[in-house]
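Inspection log for the structure reproduced underneath, given as structure tokens.
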Amino acid sequence: MLDPRGEVVRASFINDAAQIADFAALCREHGVELVVMEATGGYERLAFLLLWEAGIPCALANARSVRRFAEAMGVLEKTDRIDAGMIRRFAEVKQMRPDPPPSLAQQSLTALVRRLGQVTSDLVVQKQRRQITTDAKALASLDELIAFLKRQSRSLEGEIAGLIDEDPLWSHLGETFRSVKGVANRSIARLMADLPEIGTYSNRAIAKLVGLAPIARESGALEGKRHIRAGRAPVRSILFLVADIARRYDPGLKQFHQRLLDAKKPKMVIRIALARKLLVKLNAKARDARIAFANAT
Numbered sequence: 010m011l012d013p014r015g016e017v018v019r020a021s022f023i024n025d026a027a028q029i030a031d032f033a034a035l036c037r038e039h040g041v042e043l044v045v046m047e048a049t050g051g052y053e054r055l056a057f058l059l060l061w062e063a064g065i066p067c068a069l070a071n072a073r074s075v076r077r078f079a080e081a082m083g084v085l086e087k088t089d090r091i092d093a094g095m096i097r098r099f100a101e102v103k104q105m106r107p108d109p110p111p112s113l114a115q116q117s118l119t120a121l122v123r124r125l126g127q128v129t130s131d132l133v134v135q136k137q138r139r140q141i142t143t144d145a146k147a148l149a150s151l152d153e154l155i156a157f158l159k160r161q162s163r164s165l166e167g168e169i170a171g172l173i174d175e176d177p178l179w180s181h182l183g184e185t186f187r188s189v190k191g192v193a194n195r196s197i198a199r200l201m202a203d204l205p206e207i208g209t210y211s212n213r214a215i216a217k218l219v220g221l222a223p224i225a226r227e228s229g230a231l232e233g234k235r236h237i238r239a240g241r242a243p244v245r246s247i248l249f250l251v252a253d254i255a256r257r258y259d260p261g262l263k264q265f266h267q268r269l270l271d272a273k274k275p276k277m278v279i280r281i282a283l284a285r286k287l288l289v290k291l292n293a294k295a296r297d298a299r300i301a302f303a304n305a306t
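Under this note's numbering, think of the first position of the sequence shown as 10, with each following residue one higher.
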């Protein structure tokens with residue numbers, strides 16, 4: 010930790026509420042203006058939220074970017090102390106700013122949508138197991154578990170729908186998204202939970218955020234193939250599925266899909282391009298809906 014006087018303060022804390030409170034106190038004592046932590050698949054969430062509650066601004070850094078930054082700086086070793094120093098240097102070079110915490114409603118929606126995804130995956134696994142099971146007792150056990158998972162799924166879907174209906178903006182956005190045939194409740198919930206920025210970013214920026222913008226690979230006369238990478242995989246996955254349905258009903262998407270087929274583009278290129286086209290369409294609709302909602306209120 011580097012305080013405003015340039016002093017390096019070294020300390021170690023366990024990732025639980027009590028020690029995060031101690032860390033917050035240390036930050037206040039040394040006048041720390043920003044805490045930067047790596048996004049580590051959810052393990053950072055408790056510290057991020059509790060520090061914001063304690064009035065300590067926080068920002069999240071991409072772990073892969075930090076590691077590449079360290080390697081570019083010639084630091085190949087990896088220890089907790091080295092990582093902490095590299096995160097600090099990375100944040101300084103990138104001039105990182107605080108990432109405001111999600112609202113309680115957003116946190117709840119995200120948690121419920123992720124849980125629904127887990128239950129759905131478990132349900133698929135149990136159904137597959139049932140197909141290859143012949144023993145009567147084993148089948149009865151599987152049927153009981155499948156019935157339980159189906160009840161859980163319906164319950165979660167109801168809670169998610171209730172959350173969206175209770176929020177005027179979310180409800181308005183949901184109705185807007187449903188105007189695109191093929192976009193149903195689960196797709197809307199995924200967009201609300203994992204892409205709350207939709208309608209606030211430019212079309213180019215939202216495509217890059219999701220990971221549907223091919224990255225340039227050019228140097229001099231070399232023009233390498235452009236590939237997508239990084240981004241938000243859960244959103245990308247749902248867009249791949251929905252785009253394939255929506256293009257059957259939406260004239261614009263249907264024509265775009267046919268042009269790509271006529272040009273004999275590879276299947277994956279078509280899949281990515283169609284998902285990006287749908288995302289841009291939804292982003293534009295969300296932007297108009299947000300403006301209309303703001304004017305109405």
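No residue lacks a Cβ here, since even glycine has one placed at the ideal position from N, Cα and C.
Q: Please list the segments of the alpha helix (DSSP H) lying wholly inside the region 46 to 128, counting only runs of 4 or more residues, in order along the chain.
A: Runs of the alpha helix (DSSP H) inside the region 46 to 128: 54 to 62, 72 to 81, 89 to 103.
Q | residue 47 and residue 70 closer than 8 Å at C-beta | A | Translated into the one-based positions of the sequence shown, residue 47 becomes position 38. Translated into the one-based positions of the sequence shown, residue 70 becomes position 61. Result yes, Cβ atoms of residue 47 and residue 70 sit closer than 8 Å.
Q: Give me the Cα-Cα distance between residue 102 and residue 75, rounded to the nearest whole angstrom.
A: Here the question's residue 102 lines up with position 93 in the sequence shown. Here the question's residue 75 lines up with position 66 in the sequence shown. The straight-line gap from Cα to Cα measures roughly 11 Å.
Q. Considering only C-alpha positions, which residue in the set 66, 161, 52, 30 is nearest to residue 108?
A. Counting from 1 along the sequence shown, the entry for residue 108 is found at position 99. Here the closest residue by C-alpha is 66.
Q: Return the residue from the list 178, 278, 35 that minimises the CA-CA distance to residue 299.
A: The sequence position of residue 299 within the sequence shown is 290, counting from 1. In terms of CA proximity to residue 299, 178 leads the group 178, 278, 35.
Q | Local conformation of residue 134 per DSSP, three classes | A | Residue mapping note: residue 134 aligns to position 125 of the sequence shown, counting from 1. Helix, per DSSP.
Q) Would the beta-carbon of residue 96 fall within 8 Å of that of residue 191? A) By 1-based counting over the sequence shown, the position of residue 96 is 87. By 1-based counting over the sequence shown, the position of residue 191 is 182. The answer is no: Cβ separation not under 8 Å.
Q | Integer-rounded CB distance, given that residue 60 should sit under 8 Å from residue 44 | A | Within the sequence shown, the letter at position 35 stands for residue 44. Within the sequence shown, the letter at position 51 stands for residue 60. At roughly 6 Å, the Cβ-Cβ gap stays under 8 Å, so residue 44 and residue 60 are in contact.
Q.
In the DSSP assignment, the alpha helix (DSSP H) including residue 266 goes from what residue to what residue?
A. By one-based count along the sequence shown, residue 266 stands at place 257. Counting along the chain, the alpha helix (DSSP H) containing residue 266 begins and ends at 260 to 271.
Q) So is residue 49 in contact with chain B if we call contact Cβ pairs under 8 Å? A) The structure shown contains no chain B; it holds only a single protein chain.
Q: Would you mind working out which of 73, 280, 176, 288 sits nearest residue 210, comparing C-alpha positions?
A: As a position in the sequence shown, residue 210 is number 201, starting the count at 1. Looking at the Cα atoms, 288 is the closest of the given residues.
Q | Neighbourhood of residue 173 by C-beta, 8 Å cutoff - its chain only, sequence neighbours within 5 removed | A | Your numbering for residue 173 matches position 164 in the sequence shown. Cβ within range, chain order: 118, 179, 180, 183, 197, 198, 201.
**Q.** Element boundaries [alpha helix (DSSP H), containing residue 247]
**A.** Taking the sequence shown and counting its residues from 1, one reaches residue 247 at position 238. It spans 242 to 255 - the alpha helix (DSSP H) in which residue 247 sits, taken as one unbroken run.
Q. In this structure, does DSSP put residue 44 in helix, strand or coil?
A. For the purposes of this step, residue 44 is taken as the residue at position 35 of the sequence shown. Residue 44: strand per DSSP, three-state reduction.
**Q.** Buried versus exposed, by CB contacts within 10 Å (16 or more), residue 290
**A.** Within the sequence shown, residue 290 is the residue found at index 281, counting from 1. The residue is buried, with at least 16 neighbouring Cβ atoms inside 10 Å.
Q | Alpha-carbon to alpha-carbon, residue 207 and residue 292 | A | As a working note, residue 292 is residue 283 in the sequence shown. As a working note, residue 207 is residue 198 in the sequence shown. Roughly 6 Å between the two C-alpha positions.
Q: Count the other CB atoms, across all protein chains shown, that sit within 10 Å of the CB of residue 165; report buried if there are 16 or more and exposed otherwise.
A: On the sequence shown, residue 165 is found 156 positions in, with the first residue counted as 1. Residue 165 should be labelled buried.
(Q) Along the chain, where does the alpha helix (DSSP H) containing residue 185 start, and where does it finish? (A) Along the sequence shown, read from residue 1 onward, the residue named residue 185 stands at position 176. Run containing residue 185: 177 to 187, per the alpha helix (DSSP H) assignment.
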